[in-house]
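>
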Ligand code: HEM
Ligand code: HEM
Ligand SMILES: [Fe+2]
């Protein structure tokens with residue numbers, strides 16, 4: 001029968017081994033040669049867009065890369081779906097955007113902020129998501145070449 | 001209760017009750033917004049309600065874990081807490097930081113990273129607060145007469161939880177890297193170190209409530225937390241399938257996360273088996289209900305419902321839909337809410353010296369909240385499956401599919417009303433118990449039964 005000290009060894013051993021593998025795999029997937037996100041395309045504008053995304057908590061309603069709220073449209077492929085001018089107009093709208101009756105916050109962004117946001121969403125839209133990009137936004141699917 | 005300083009736990013539990021009630025209010029705000037009743041939009045838009053709802057949940061659960069630690073550690077270490085005064089300082093500062101964060105969310109002050117919305121400036125205060133808490137607990141534990149496995153596992157969970165908070169504070173330019181390390185906090189908390197805390201509380205409660213030999217219980221505790229880390233650490237990969245990192249995670253995450261339910265299954269079997277084996281004469285039946293309930297419902301909510309969408313082939317379709325919300329509710333409920341309510345139910349008669357644990361109200365609270373929550377989860381689940389089918393299989397537009405699932409939120413709100421009634425009764429009973437008393441120290445019938 002298993003003794004208490006064997007049980008403890010199982011716990012400590014299993015933890016150390018899987019933790020080391022986890023760190024190894026993390027380093028592996030962070031390696032520049034394994035990048036799937038077009039890291040080089042992260043411009044100042046994209047970073048600014050990310051900042052606006054975060055300071056307004058867009059993620060509290062929308063999901064991106066499949067993470068976030070489930071209240072409003074997933075935005076990973078929104079540029080493909082709606083086009084940049086439309087997205088910009090939504091961000092600049094003085095009244096809450098709600099064509100289907102569910103309200104967004106009216107951000108009334110200036111040109112500069114709205115463009116940064118669009119650049120960020122463009123960068124997001126080009127990430128290789130291991131196939132999810134074809135599922136997440138069916139309307140955009142047809143526009144993906146490969 | 002054997003040590004006067006254990007009374008500190010009462011005030012932590014009281015804060016839990018308050019924040020839990022508020023969390024439910026914000027849940028209703030979101031539920032109503034989803035059926036078109038968003039009259040509060042100008043003051044509390046959905047993203048505010050969501051951040052408040054989920055952050056209150058996490059804060060009150062942590063408050064509950066802390067209260068549990070202040071109750072359990074003196075009893076396990078067989079000495080008073082090193083400083084009661086500092087424990088109160090810690091409680092008050094925790095409440096202040098929490099309230100400041102939640103208030104900020106109403107004024108667009110946050111960080112917009114799901115579950116980690118607290119701004120970095122406040123993060124530093126959280127860190128100081130948690131260090132103070134850990135200082136008190138560790139000093140008490142190591143100055144104590146004994147260091148039991150139960151106390152060590154629980155403390156280890158608390159220390160790791162604090163360490164894992166740090167990766168969430170690093171700033172990244174890339175959304176992909178940001179998301180990658182966000183999971184080091186969110187996943188490794190709920191499917192890793194929090195399970196140690198849960199396991200520790202569960203073991204303590206089983207020792208007290210069933211009277212089964214400590215050595216037996218603690219041996220199985222090691223096996224359970226062993227299974228947790230063995231599957232849970234590499235299981236983090238189930239969040240890396242579709243966020244823009246290497247495909248290797250599809251295999252690693254798929255295999256190891258599929259093993260995660262084993263830890264929860266072990267926990268459920270362990271609790272039921274110890275109950276069967278033990279003497280069934282502990283008077284606090286309500287605490288026993290919550291304890292065994294937590295072990296079983298966590299297996300269903302985290303284990304089974306987690307498994308339902310953890311394989312890459314399924315997650316490809318369910319990733320970021322209401323299916324996730326369904327699982328999130330039942331997993332948090334079974335594993336963490338129920339275990340905190342269990343330790344509170346167990347501790348209250350001991351802290352206050354009033355034996356109110358045989359009241360019908362206690363059973364009513366248990367069943368109403370459990371059946372209500374199950375109903376909410378079923379409603380969310382149906383909405384989720386319909387959403388996946390319409391939006392991701394039939395290519396329907398997001399908002400059009402949402403219109404189709406609206407009706408399920410009406411059902412959810414009805415069940416939520418039942419749930420909230422149950423919790424209301426639980427809180428009413430908590431208040432009825434009254435404040436801690438010193439006679440409670442002498443009225444200690446349990447001491448003869450178990451050590
Ligand atoms: C008590 C333990 C657990 C809790 C509290 C919990 C809670 C949650 C929450 C809140 C989320 C949403 C996170 C976010 O999007 O930021 C989530 C996602 C997820 N959980 Fe769990 N979970 C638990 C255990 C499990 C287990 C054991 C499994 C697998 C067997 C699992 C599988 C998943 C998966 C695959 C997702 C991602 C869903 C998606 O792609 O949208 N969970 N969980
Ligand atoms: C009256 C009761 C409640 C109602 C009406 C309610 C409603 C909601 C709604 C509408 C959401 C947002 C889903 C979305 O983004 O569209 C949500 C999120 C969430 N709620 Fe609740 N809730 C209630 C109680 C609870 C309780 C008791 C818990 C804990 C056990 C909980 C845990 C969560 C979690 C973890 C999330 C985030 C889920 C995710 O991101 O996947 N809620 N809730
Ligand atoms: Fe996870």
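Residue numbers (UniProt numbering), protein chains in the order written: chain A, 1 to 146; chain B, 1 to 451.
For every residue, glycine included, the Cβ atom is placed at its ideal position computed from N, Cα and C.
I'd like to know if residue 289 of chain B contacts chain A, where contact means its C-beta is closer than 8 Å to some C-beta of that chain.
False, the Cβ-Cβ gap to chain A never drops below 8 Å.
> Once the 5 residues before and after residue 153 of chain B are set aside, which same chain residues still bring their CB inside 7 Å of it?
Counting only Cβ-Cβ distances below 7 Å, and skipping sequence neighbours, we find 196, 199, 200, 221, 225.
> Grab me the residues of residue 390 of chain B's own chain with a C-beta within less than 7 Å of its C-beta, minus the 5 sequence neighbours each way, in chain order.
Answer for residue 390 of chain B: 396, 401, 404, listed in chain order.
> Under 8 Å: do the segment 32-43 of chain B and the segment 56-72 of chain B share three or more Cβ pairs, one atom per stretch?
Counting Cβ pairs under 8 Å, fewer than three are found: no touch.
> Note down, in chain order, every chain A residue with its Cβ under 8 Å from the Cβ of residue 236 of chain B.
Neighbours of residue 236 of chain B on chain A, chain order: 22.
> Just reading off the alpha helix (DSSP H) that residue 430 of chain B is part of, what are its end residues?
Start and end: 398-433.
> For a cutoff of 8 Å on Cβ pairs, would you count residue 223 of chain B as touching chain D?
You won't find chain D in this structure, because its protein chains are A and B.
> Name the chain A residues whose beta carbon is nearer than 7 Å to that of residue 45 of chain B?
In chain order: 105.
> For a contact meaning CB atoms closer than 9 Å, what does residue 309 of chain B contact in chain A?
Going along chain A, no residue has its Cβ under 9 Å from residue 309 of chain B, so there is no contact; the nearest lies around 12 Å.
> If you check the beta carbons only, do residue 350 of chain B and residue 294 of chain B fall under 8 Å apart?
Not closer than 8 Å, so no.
> At 4 residues or longer, what runs of the alpha helix (DSSP H) sit wholly inside the segment 327-362 of chain B?
Segments of the alpha helix (DSSP H) lying fully in the segment 327-362 of chain B: 338-352.
> Tell me, please, whether the segment 229-245 of chain B touches the segment 264-271 of chain B by the rule of three or more beta-carbon pairs shorter than 8 Å.
No, the segment 229-245 of chain B is not in contact with the segment 264-271 of chain B.
> Can you find the residues in the same chain that come closer than 7 Å, C-beta to C-beta, to residue 68 of chain A, ignoring five residues on each side of it along the sequence?
Result list for residue 68 of chain A: 59, 62, in chain order.
> Taking 8 Å as the CB-CB limit, is residue 97 of chain A close to chain B?
So no, residue 97 of chain A is outside the interface.
> Mind checking whether residue 151 of chain B and residue 77 of chain B have CB atoms under 8 Å apart?
For residue 151 of chain B and residue 77 of chain B, yes; Cβs fall inside 8 Å.
> Using a Cβ-Cβ cut-off of 8 Å, state whether residue 321 of chain B counts as contacting chain A.
Yes, residue 321 of chain B lies at the interface with chain A (some Cβ there is under 8 Å from its Cβ).
> Within 8 Å of any Cβ in chain B, is that where the Cβ of residue 116 of chain A sits?
By this cut-off, residue 116 of chain A is not an interface position.
> Drop a sphere of 10 angstroms on the beta-carbon of residue 34 of chain A, count the other beta-carbons inside from all chains shown, and report buried for 16 or more, exposed for fewer.
Classification of residue 34 of chain A: exposed, given that the 10 Å Cβ count is below 16.
> State whether the segment 11-30 of chain B contacts the segment 55-62 of chain B, with contact taken as three or more CB pairs (one from each stretch) at a distance under 8 Å.
These segments touch.
> Just reading off the alpha helix (DSSP H) that residue 175 of chain B is part of, what are its end residues?
Residues 175-188.
> I'd like to know whether the C-beta of residue 77 of chain A is nearer than 8 Å to at least one C-beta of chain B.
It does not; no Cβ of chain B falls within 8 Å.
> Verify the CB distance criterion: does residue 59 of chain A have a CB-CB separation below 8 Å to chain B?
Chain B contact via Cβ: present.
> Taking all protein chains shown into account, do 16 or more other C-beta atoms lie within 10 angstroms of the C-beta of residue 6 of chain A, making it buried, or fewer, making it exposed?
When all chains shown are included, residue 6 of chain A counts as exposed.
> Can residue 300 of chain B and residue 25 of chain A be called in contact, C-beta distance under 8 Å?
In this structure, residue 25 of chain A does not lie closer than 8 Å to residue 300 of chain B by Cβ.
> Flag residue 149 of chain B as yes when its Cβ comes closer than 7 Å to any non-hydrogen atom of ligand 2, and as no otherwise.
No; taking the cut-off as 7 Å, the Cβ of residue 149 of chain B has no heavy atom of ligand 2 nearer than that.
> Apart from the five residues just before and just after residue 352 of chain B, which ones in its own chain have a Cβ nearer than 8 Å to its Cβ?
So the qualifying residues of the chain are 10, 433, 434, 435, 436, 437, 440.
> With the cut-off set at 8 Å, would you say residue 186 of chain B and residue 115 of chain B are in Cβ contact?
Yes; because the gap between Cβ atoms is below 8 Å, this pair is in contact.
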